[in-house]
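Enquirer: First the structure, then my questions, so here it is.
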């Protein structure tokens, strides 16, 4: 969790998928984006995982989310997959 005073301004949730740590959620309050909170959250998570000798951290990002993509690239994340496919559920 990222705090500014007593206000929660960001959070990260790491899970495991097929044995690999995965960023399930990373969010920063709209009025606090661009101030380093997302980077700090990722760095903290990566530090903890490195201390547990995890070899990598994976994540998914929405195509067109350029601020997030720029952040991930600046932190040495590399694209290794293609596109996801979804189906509309009728109910």
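Numbering (this note's numbering), first residue to last: 1 to 91. Cβ coordinates follow ideal geometry from the N, Cα and C atoms, glycine included.
Mapping DSSP to helix, strand and coil, what is residue 71?
Expert: It is helical.
Enquirer: By the three-class DSSP mapping on this structure, what secondary structure does residue 7 have?
Expert: Looking at residue 7 - three-state DSSP - the assignment turns out to be strand.
Enquirer: Would you kindly work out how many angstroms separate the C-alpha atoms of residue 53 and residue 90, rounded to a whole number?
Expert: Those two C-alpha atoms are separated by around 43 angstroms.
Enquirer: Using CA coordinates, which residue listed in 17, 4, 7 and 71 is at the minimum distance from residue 26?
Expert: That would be 71, whose Cα lies nearest to the Cα of residue 26.
Enquirer: What are the boundary residues of the beta strand (DSSP E) that includes residue 24?
Expert: Looking at the DSSP string, the run of the beta strand (DSSP E) that includes residue 24 is 20–28.
Enquirer: By DSSP, does residue 59 sit in helix, in strand, or in coil?
Expert: In this structure, residue 59 counts as strand in the three-state DSSP scheme.
Enquirer: Is the Cβ-Cβ distance between residue 12 and residue 42 less than 8 angstroms?
Expert: Cβ distance < 8 angstroms, so residue 12 and residue 42 count as in contact.
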